[in-house]
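K.L.:
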Amino acid sequence: MNQYPGVIGRKVGMTQIFNADGTVVPCTVVEARPVVVAKRTQAQDGYDAIVLGIGERKEKHTSKPLAGFFKKQNVSPRRSLRELRCPAEYAAKYEVGQEVRLDEVFSEGQFVDVQGVSIGRGFSGVMRRHNFKGQSQTHGTHEYERHGGAIGTNMTPGRTLPGMKMPGQHGNRTLSVLNQRVVKVIPDQNLLLIRGGIPGSRNSLVVVRGAIKRRGGMPKSA
Amino acid sequence: MSNIAPILAGLEQSQIRTDLPAFRVGDTVAVHYRIVEGDKQRIQVFRGTVIKRHRAGTRGTFTVRKVSFNVGVERIFVTHSPRIEKVELVSRGVVRRARLYYLRNLSGKAARIKDAKDR
Numbered sequence: 005m006n007q008y009p010g011v012i013g014r015k016v017g018m019t020q021i022f023n024a025d026g027t028v029v030p031c032t033v034v035e036a037r038p039v040v041v042a043k044r045t046q047a048q049d050g051y052d053a054i055v056l057g058i059g060e061r062k063e064k065h066t067s068k069p070l071a072g073f074f075k076k077q078n079v080s081p082r083r084s085l086r087e088l089r090c091p092a093e094y095a096a097k098y099e100v101g102q103e104v105r106l107d108e109v110f111s112e113g114q115f116v117d118v119q120g121v122s123i124g125r126g127f128s129g130v131m132r133r134h135n136f137k138g139q140s141q142t143h144g145t146h147e148y149e150r151h152g153g154a155i156g157t158n159m160t161p162g163r164t165l166p167g168m169k170m171p172g173q174h175g176n177r178t179l180s181v182l183n184q185r186v187v188k189v190i191p192d193q194n195l196l197l198i199r200g201g202i203p204g205s206r207n208s209l210v211v212v213r214g215a216i217k218r219r220g221g222m223p224k225s226a
Numbered sequence: 036m037s038n039i040a041p042i043l044a045g046l047e048q049s050q051i052r053t054d055l056p057a058f059r060v061g062d063t064v065a066v067h068y069r070i071v072e073g074d075k076q077r078i079q080v081f082r083g084t085v086i087k088r089h090r091a092g093t094r095g096t097f098t099v100r101k102v103s104f105n106v107g108v109e110r111i112f113v114t115h116s117p118r119i120e121k122v123e124l125v126s127r128g129v130v131r132r133a134r135l136y137y138l139r140n141l142s143g144k145a146a147r148i149k150d151a152k153d154r
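Chains as they are written, first to last, in the numbering used here: chain A, 5 to 226; chain B, 36 to 154.
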């Protein structure tokens, strides 16, 4: 399980910036100003984690149980909450109510994994969902132009094989993009610039953590 | 710039160069472009007619066309790139279009652009 330090944030959109040597770097901007809302401990919950919250939630939109929880933690209501599993020592560094600063968690050049919910495209046909070619638009094709064609053989094996690509729900899935490089950290504006694309629409919630397949993705010198 | 998030607009604003001359489509410019080869770097000048300006903040580009040894050469530059040492405005041209793609089909005398000075 990914136990590396991370934050939750809001995807702002994509832009590009210039490197020192003038090359253009495409990057996604994430705004992250999370607050530690609660902690989970081995003694009480059986595991260690910190609960981060971002955004503001109006009082009238806060259910009474949730309002009670926020009041108990002495934190103003937050729109989105996520638990991040972490070692106990890391959790000990943060107090409930404390803001997580981006420059404490990430450094430039580091690798991160980004989790988000991909843009939903609803129930889509095979051309959009699996990049099928479809059929010919001419030569007498009739009501079969965006179909997928055959899905199996006749007698052998006499059934459609499992995993056949067919129409269905496309997008709106939780996805992670691994090993994206952090281009820039701007702690004053709570902005994180990540090279390349990340899942989700603009303003959607994303979870950014140290890259699990690169030992947290810290630069080699560190 | 109007329909992007204010945060992005702010980020991009900081990257925009203000030292470039205000050149337009049809103008003749000389672009001094820094080229890095290994650990050496030198400045190359590309001189030609601006046939397109893609105005998109920091993401904007412009295309310069010249005819070199009877071969048309076009180069697309990122307007705000730090690799552009400077842009020299050689002469202003008078054109009626925003995109001068028609120059590709013309050659010699027909491919000239009226100079703003002669007007």
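Virtual Cβ for every residue (Gly too), placed ideally from N, Cα, C.
For the segment 18 to 34 of chain A, list every residue whose C-beta sits within 9 Å of some C-beta in chain B, in sequence order.
P.N.:
Residues Met18, Thr19, Gln20, Ile21, Phe22, Asn23, Ala24, Asp25, Gly26, Thr27, Val28, Val33.
K.L.:
With distance defined between alpha-carbon atoms, name the residue in Arg139/B, Arg118/B, Ile148/B, Leu124/B nearest to Ile78/B.
P.N.:
Selected option, being the one with the closest Cα: Arg118/B.
K.L.:
Does Leu195/A have its Cβ less than 8 Å from a Cβ in chain B?
P.N.:
Cβ-Cβ to chain B under 8 Å: yes for Leu195/A.
K.L.:
Excluding five sequence neighbours on each side, which residues of the same chain lie with their C-beta closer than 7 Å to the C-beta of Gly143/B?
P.N.:
Nothing meets the Cβ criterion.
K.L.:
Using only the alpha-carbon positions, how far apart do Met170/A and Lys43/A sit?
P.N.:
C-alpha separation (whole angstroms): 43 Å.
K.L.:
Taking only beta-carbon atoms, is Val71/B less than 8 Å away from chain A?
P.N.:
By this cut-off, Val71/B is an interface position.
K.L.:
Tell me where the alpha helix (DSSP H) around Glu47/B begins and ends.
P.N.:
41 to 48 is the extent of the alpha helix (DSSP H) around Glu47/B.
K.L.:
For Tyr68/B, list the residues DSSP reports as bridge partners.
P.N.:
In the DSSP output, where bridge partners are listed per residue, Tyr68/B has Gln79/B, Ile119/B.
K.L.:
Is the distance from the Cβ of Ser208/A to the Cβ of Val116/A below 8 Å?
P.N.:
Contact flag unset, no.
K.L.:
Is Ser37/B helix, strand or coil by DSSP?
P.N.:
Bear in mind that the predicted position of Ser37/B carries a pLDDT of just 49, short of 50, making it unreliable; the figure below should be weighed with that in mind. It is coil, neither helix nor strand.
K.L.:
Pull up the distance between the alpha-carbon of Tyr136/B and that of Val28/A, whole angstroms please.
P.N.:
Going by the C-alpha atoms only, they are around 26 Å apart.
K.L.:
Among Val125/B, Ala151/B, Lys101/B, Glu120/B, which has the Cα closest to the Cα of Leu141/B?
P.N.:
The option with the nearest alpha carbon to Leu141/B is Lys101/B.
K.L.:
May I ask you to list the residues that DSSP assigns as paired with Leu264/A?
P.N.:
This structure leaves residue 264/A out entirely; chain A is present only between 5 and 226.
K.L.:
Residue range of the alpha helix (DSSP H) that Val109/A falls in?
P.N.:
Looking at the DSSP string, the run of the alpha helix (DSSP H) that includes Val109/A is 106 to 109.
K.L.:
Could you give the distance in angstroms between the alpha-carbon of Ala226/A and the alpha-carbon of Gly113/A?
P.N.:
Here Ala226/A scores only 45 on pLDDT, less than 50, and its place in the model should not be relied on; the value that follows carries that caveat. Rounded to the nearest angstrom, the two C-alpha atoms are 11 Å apart.
K.L.:
Among Thr164/A, Glu103/A, Asp107/A, Gly175/A, whose alpha-carbon lies nearest the alpha-carbon of Gly57/A?
P.N.:
The shortest C-alpha separation from Gly57/A is found at Glu103/A.
K.L.:
Whole angstroms is fine: what's the gap from Val125/B's alpha carbon to Phe81/B's?
P.N.:
Rounded to the nearest angstrom, the two C-alpha atoms are 12 Å apart.
K.L.:
With 16 as the cutoff for other CB atoms within 10 Å, does Glu175/B come out buried or exposed?
P.N.:
Residue 175/B lies beyond the stretch modelled for chain B, which goes from 36 to 154, so this question has no answer here.
K.L.:
Can you say whether Leu195/A is buried or exposed, counting buried as having 16 or more other CB atoms within 10 angstroms of its CB?
P.N.:
So Leu195/A counts as buried.
K.L.:
Is Gly57/A helix, strand or coil when you go by DSSP?
P.N.:
In this structure, Gly57/A counts as strand in the three-state DSSP scheme.
K.L.:
Between which two residues does the beta strand (DSSP E) harbouring Met18/A extend?
P.N.:
That run of the beta strand (DSSP E) goes 10 to 22.
K.L.:
To the nearest angstrom, report how far apart His134/A and Ile155/A are at their CA atoms.
P.N.:
Each residue's Cα considered, the two are about 14 Å apart.
K.L.:
Strictly by DSSP, which residues pair up with Lys87/B?
P.N.:
DSSP, once it has assigned bridges, lists Thr98/B as partnering Lys87/B.
K.L.:
Return the first residue and the last residue of the alpha helix (DSSP H) that Lys72/A is part of.
P.N.:
Here residue 72/A turns out to be Gly, not Lys, going by the sequence shown. Unbroken alpha helix (DSSP H) run through Gly72/A: 68 to 77.
K.L.:
Pro203/A and Val189/A: beta carbons closer than 8 Å?
P.N.:
Cβ atoms of Pro203/A and Val189/A: not closer than 8 Å.
K.L.:
Check whether chain B comes within 8 Å of Val187/A, counting only Cβ atoms and requiring the distance to be less than that.
P.N.:
For Val187/A, the answer is no, since every Cβ of chain B falls outside 8 Å of its Cβ.
K.L.:
Quick one: list the residues of chain B neighbouring Val16/A, beta-carbon separation under 8 Å, in chain order.
P.N.:
Ordered by position in chain B, the residues that pass the 8 Å Cβ test against Val16/A are Ala40, Ile42, Leu43.
K.L.:
Smallest Cα separation from Val130/B: which of His115/B, Lys149/B, Ser49/B?
P.N.:
Checking every option, the nearest Cα to that of Val130/B belongs to Lys149/B.
K.L.:
Let's see if you can read the secondary structure: which residues bound the alpha helix (DSSP H) around His134/A?
P.N.:
Per DSSP, His134/A belongs to the alpha helix (DSSP H) from 130 to 134.
K.L.:
In or out: Gly167/A buried (at least 16 other Cβ within 10 Å) or exposed?
P.N.:
When all chains shown are included, Gly167/A counts as exposed.
K.L.:
Hey, could you find the ends of the alpha helix (DSSP H) Ala47/A is sitting in?
P.N.:
Here the alpha helix (DSSP H) through Ala47/A covers 46 to 49.
K.L.:
Whose Cβ in chain A lies nearer than 9 Å to the Cβ of Glu120/B?
P.N.:
Those within 9 Å of Glu120/B in chain A number zero; the least Cβ separation is about 10 Å.
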